[in-house]
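Below is one structure, written out as C-alpha cells; comments come after it.
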Amino acid sequence: MTICRICAGPLTEFLDLGAQPNSDAFPKPGETEGEFFFRLAVGRCGSCTMVQLMEEVPRERMFHEDYPYHSSGSSVMREHFEATARGILATVADDPDPFVVEIGCNDGVMLATVAGAGVRHLGVDPSAGVADRARAKGVRVRTAFFEEETALAIAAAEGRADVVYAANTLCHLPYLESIFRGLDALLKPEGVFVFEDPYLGDIVERTSFDQIYDEHFYFFTARSVQSMAHHYGFELVDVLRLPVHGGEVRYTLARRGTRVPTASVAELLADEDSKDLAEPVTLERFAAEVRRTRDELTALLTRLRAEGHRVVAYGATAKSATVANYCGIGPELISFVCDSTPAKQGRLTPGSHIPVRTPDAFGDPYPEYALLFAWNHAEEIMAKEQKFRERGGRWILYTPDVHMV
Ligand code: SAM
Ligand code: TMP
Ligand code: ZN
19 MTICRICAGP
29 LTEFLDLGAQ
39 PNSDAFPKPG
49 ETEGEFFFRL
59 AVGRCGSCTM
69 VQLMEEVPRE
79 RMFHEDYPYH
89 SSGSSVMREH
99 FEATARGILA
109 TVADDPDPFV
119 VEIGCNDGVM
129 LATVAGAGVR
139 HLGVDPSAGV
149 ADRARAKGVR
159 VRTAFFEEET
169 ALAIAAAEGR
179 ADVVYAANTL
189 CHLPYLESIF
199 RGLDALLKPE
209 GVFVFEDPYL
219 GDIVERTSFD
229 QIYDEHFYFF
239 TARSVQSMAH
249 HYGFELVDVL
259 RLPVHGGEVR
269 YTLARRGTRV
279 PTASVAELLA
289 DEDSKDLAEP
299 VTLERFAAEV
309 RRTRDELTAL
319 LTRLRAEGHR
329 VVAYGATAKS
339 ATVANYCGIG
349 PELISFVCDS
359 TPAKQGRLTP
369 GSHIPVRTPD
379 AFGDPYPEYA
389 LLFAWNHAEE
399 IMAKEQKFRE
409 RGGRWILYTP
419 DVHMV
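Residues in the sequence shown are numbered consecutively from 19, following my numbering.
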C-alpha cells in the first residue's frame, strides 16, 4: 500500500492520468528518444486528507540549469508579485533590519521589489538559469534546493528571517519534513511562513485537472494545510483566496501558539466542510468529470481536423503536458503551439511532440481555431491576440468544460 508522504496514513488513488513525461522537458526535434515517463496518478490520505501524487519524480529531473519556466513572462503575474512584495514590506516596516527569504524565487519576479526597497533578502532556487536572471535584477540568490541543510546554512550565515515566502513552489516539494525543520531553524520566533499554491477547491470546481503534473505533488486545502502545519509544529493563522493561475490560496503559518488565527481560516474550513471538498465522493465525481472532458475534447479536435480546419494551440504550459498526453493530442490534431518563452521555442512539447513556435507564428496566417492551453492567462492573451477573434477565429477552452468563445 502507498502511504501519505506527510503522516504515513493510507493513500487511496482516485484518478490515473497515465504515462506522463516531465512537464517542462521540451525535447529538440529528432531528440525524443529516451524521454522520461512516469505514472501520473492522484490519491487522498485517509488520515490527514492531503491529496497528493502516487509517484514522486526525482527533483533533479525537474529543476536544473535549463528549467524553462520564467515567472516574469506574464504582466498580470508581474503585477501580482509586485503587490505581494509591497505587502511583505509593509509587514516588516517596523523592524530595524528585516530579512525576507523566498523559496523558489525563479527569475526574481517578487524579490526584485524587495531588493529595490533596500531590504535584506535572499532567494533560494536550484534552477541556475532562472537564478541568474534574478541576479541580473539585483536579487541575491543561493542556487540550491531549500531543505533543512540549506536553511541551517542560511541562518548561520545571515541570521533568522522575519518572513519566508514561497509561491507555486511548496506544492512541488514532497519532502516537507526537511522543509519544516528548515523553516523552524530559519524563522525568528515570531516569524511567518507564507505560501500560495493552486487550491483544490478551484481545481474541483473548474475540473482543471491540468493542474496535476509532475511538479505539482500536493493539492492543498485549508483542512489539509492545517493538519500539515500541526504535524510539523506550526499553525495555520490566515488564508486568502487569490484569482491567479486559475485559483489559489495564500496560507500563512506561524509557530503554534504565537498568533491568533484570523476569522478567514474558520470560514474557509467551514466552506470546505459544506462542500465535502476532499471527501472521496467529491474526488470520484471530479475524476468522472475529467474523463468526460478528455472524451469531449478529443472528439471536438478530431472532428475539426476531419472537417479540414486548421487548429493550433496557445501557451506551451506545464499544465498542457497533462492534457496532451492524457487526451492523446499530438501534431496530427494541433499543428503547433505558440509560446513567448525563448527556451521552449523551436522545441517539441513533452511526450506529445507538437512543435513550439513564437507568438508571431499565430497570425501568419491566423488559424480557424486555437486551443488555449494557457487558460489561466486568458484575459492577457485574448487582449494581446484580439485580431484572431476579429477575423472570425474561435478559442477552444476545456475548463470548466469543453466550450468555445
Ligand atoms: N515563485 C515563482 C512563481 O510563482 O512564478 C516560481 C514558481 S516555479 C513553478 C517553481 C520554482 O521552484 C522553480 O524556479 C524551481 O526551480 C524552484 N524550486 C524547486 N524546488 C525547490 C526547492 N527545494 N527550493 C527552492 N526552490 C525550488
Ligand atoms: P503558466 O500557465 O505555467 O504560467 O505558463 C504560461 C505559458 O504561456 C508560458 O510558457 C508562457 C506562455 N505565455 C505566452 O506565450 N504568452 C502570454 O501572453 C503569456 C501570459 C504566457
Ligand atoms: Zn496524511
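By construction, the Cβ of each residue, glycine as well, lies at the ideal position given by its N, Cα and C atoms.
Where the beta strand (DSSP E) containing residue i begins and where it ends
i, result
"L258", "F252 to L260"
"Y183", "A179 to A185"
"T30", "L29 to P39"
"Y387", "Y387 to L390"
Residue i Cβ short of 8 Å to ligand 4 heavy atom set
i, result
"M68", "Ligand 4 is absent from the structure shown, which contains only ligand 1, ligand 2 and ligand 3."
Residue i Cβ short of 8 Å to ligand 3 heavy atom set
i, result
"C25", "yes"
"C189", "no"
"C63", "yes"
Under 9 Å between C-beta atoms of residue i and residue j
i, j, result
"E165", "I197", "yes"
"L205", "F213", "no"
"V159", "G141", "yes"
"G52", "P28", "no"
"E386", "L318", "no"
"E266", "D215", "yes"
"M72", "N40", "no"
"G122", "T187", "yes"
"G156", "G134", "yes"
"G428", "K405", "Here the chain covers residues 19 to 423 and nothing more, so residue 428 does not appear."
"P47", "P373", "yes"
Spatial distance of residue i from residue j (CA atoms)
i, j, result
"A59", "Y231", "9 Å"
"R375", "S338", "15 Å"
"C25", "G219", "22 Å"
"C22", "S242", "12 Å"
"A103", "R365", "34 Å"
"L170", "L258", "29 Å"
"D256", "G200", "21 Å"
"V110", "G209", "10 Å"
"T30", "S226", "20 Å"
The alpha helix (DSSP H) enclosing residue i, as first and last residue numbers
i, result
"Y87", "Taken as a continuous stretch (DSSP letters only), Y87 belongs to no alpha helix (DSSP H), as it is neither H nor E."
"G209", "G209 -> not in any alpha helix (DSSP H); beta strand (DSSP E) instead, spanning L205 to P216."
"E176", "E166 to E176"
Residues of its chain near residue i, where Cβ-Cβ distance is below 7 Å and the 5 sequence neighbours each way are ignored
i, result
"N394", "H263 and G264"
"S90", "R96, D125 and V127"
"L415", "L390, W393, H421 and V423"
"R153", "V159"
Near ligand 1: residue i beta-carbon under 8 Å from a heavy atom
i, result
"T30", "no"
"N186", "yes"
"P144", "yes"
"G264", "no"
6 Å CB neighbourhood of residue i in its chain, flanking five on each side removed
i, result
"E314", "V420"
"A203", "A169, L170 and A173"
Contact test: residue i Cβ vs ligand 2 heavy atom, cutoff 8 Å
i, result
"C356", "yes"
"E398", "yes"
"A336", "yes"
"G91", "yes"
"V94", "yes"
"T359", "yes"
"N343", "no"
"Y332", "yes"
Residues near residue i by beta carbon distance below 8 Å, same chain, minus five either side
i, result
"F32", "V60, G61, R62, P298, L301, E302, F304 and A305"
"A94", "The amino acid at residue 94 is misidentified as Ala; the sequence shows Val. Closer than 8 Å at the Cβ level, and outside the excluded window around V94, lie V262, H395, E397 and E398."
"E176", "F117, R138 and L140"
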